[in-house]
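Chains S and A supply the protein sequences, listed in that same order.
According to this note's numbering, the first sequence is numbered sequentially starting from 14.
According to this note's numbering, the second sequence is numbered sequentially starting from 13.
Step one of this worksheet: look at the structure below.
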Amino acid sequence: DQQVKQNSPSLSVQEGRISILNCDYTNSMFDYFLWYKKYPAEGPTFLISISSIKDKNEDGRFTVFLNKSAKHLSLHIVPSQPGDSAVYFCAASVSGNEKLTFGTGTRLTIIP
Amino acid sequence: NAGVMQNPRHLVRRRGQEARLRCSPMKGHSHVYWYRQLPEEGLKFMVYLQKENIIDESGMPKERFSAEFPKEGPSILRIQQVVRGDSAAYFCASSPPKGSRSYEQYFGPGTRLTVT
Numbered sequence: 014d015q016q017v018k019q020n021s022p023s024l025s026v027q028e029g030r031i032s033i034l035n036c037d038y039t040n041s042m043f044d045y046f047l048w049y050k051k052y053p054a055e056g057p058t059f060l061i062s063i064s065s066i067k068d069k070n071e072d073g074r075f076t077v078f079l080n081k082s083a084k085h086l087s088l089h090i091v092p093s094q095p096g097d098s099a100v101y102f103c104a105a106s107v108s109g110n111e112k113l114t115f116g117t118g119t120r121l122t123i124i125p
Numbered sequence: 013n014a015g016v017m018q019n020p021r022h023l024v025r026r027r028g029q030e031a032r033l034r035c036s037p038m039k040g041h042s043h044v045y046w047y048r049q050l051p052e053e054g055l056k057f058m059v060y061l062q063k064e065n066i067i068d069e070s071g072m073p074k075e076r077f078s079a080e081f082p083k084e085g086p087s088i089l090r091i092q093q094v095v096r097g098d099s100a101a102y103f104c105a106s107s108p109p110k111g112s113r114s115y116e117q118y119f120g121p122g123t124r125l126t127v128t
């Protein structure tokens, strides 16, 4: 049972434009969400997170939006840069239970 | 400030051998997590430990797998009698004590286990 879903396995975006990565979840107990970026042969790198008491969190070029009623979150990267090419994982957790449940990832390619 | 350290980075074992994977958390972090990533899949939680305690092992296979985080030294993930299906990337993560943004976990580079 895949509780966190990233339905787009890949995405290509022109350099300088906005990249939007999507994530859906089914478990209504999830109340904390994170995005990780992963390069080949490296571990995931934490990017940005959001608590369920918020609907938006911004950090530089990265913004995460949370729509609790739709059980949907998205990561916006603007402007997109070549170094953003990587696999992006969405993850979720339940407060008090610290294990992370990951999606299957979206491979983002930024076209120069 | 060194990040999460894992060794070895690559490990090759024959079927039936034992695999030991080591993880040293970030300085000041007292929580350690192990995840496994199979090819073309996301990371799957295996076990969560604090010093000398297993807090949640709900993702660990019932047999052949064990984990520890002793008072001194790194956390160890041990796989006995490895089989081909154990071939995967194993990632360790750490986080600070509770009350200190502990939901953000910081990952090591992973150990790629190949069973021949």
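For every residue, glycine included, the Cβ atom is placed at its ideal position computed from N, Cα and C.
Within the DSSP bridge table, the entry for H22 of chain A names A:R124 as partners. G15 of chain A is positioned such that its CB atom lies no closer than 8 angstroms to that of G85 of chain A. Burial is judged here by how many other beta carbons sit within 10 angstroms of a residue's own beta carbon; S98 of chain S has at least 16 and is buried. In this structure, DSSP gives R30 of chain S a state outside helix and strand, which the three-state scheme calls coil. In the three-state scheme derived from DSSP, where H, G and I count as helix and E and B as strand, D37 of chain S is classed as strand. Per DSSP, the unbroken beta strand (DSSP E) holding T58 of chain S starts and ends at 58 to 64. Secondary structure of D14 of chain S (DSSP, three-state): coil.
In the DSSP assignment, L79 of chain S falls within the beta strand (DSSP E) that extends over 75 to 80.
Three or more Cβ pairs closer than 8 angstroms define a contact, and the segment 22 to 33 of chain S falls short of that threshold against the segment 41 to 57 of chain S. For the C-beta of G122 of chain A, the chain S residues within less than 7 angstroms are, from N- to C-terminus, G56.
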